[in-house]
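The next block holds one structure in the form of structure tokens; read it before the comments.
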Amino acid sequence: MEFHLPKRIKTFYWRVFPVAFVLIAYYQIVHDWHLEQFGFDELEDVGTLLFILGVSACEAALVTVFLWYVVESVKKLLRTTE
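Numbering follows our numbering, with no gaps: position 53 of the sequence shown is 59.
As structure tokens, this is what we get:
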């Protein structure tokens, strides 16, 4: 099963995704995982950072799609009320 998004989301997605990714990754690295307490001298620490970045990318993708859905729903609602 494949999940296809409409072509209209492509421009919206690539405008919002980097911002959401940076904000979520920063929060995850600094506040949740406290990576500033780790040293990056072991491969495990690099793996932890890559894991956090991967999870942050997935979360940012979900947030972006959710925001697109909300924006489109509000647009549709405003069009029908006029």
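Quick reminder that beta carbons are idealized off the backbone N, C-alpha and C, glycines included. Please read all numbers here as calculations on a predicted model, not as lab measurements.
- Proximity to residue 27 across 80, 82, 59 peaks at 59, based on C-alpha coordinates.
- Judged by DSSP secondary structure, residue 74 falls within the alpha helix (DSSP H) whose first and last residues are 49–87.
- Using a 10 angstroms sphere on the CB of residue 86, the tally of other CB atoms stays under 16, which defines it as exposed.
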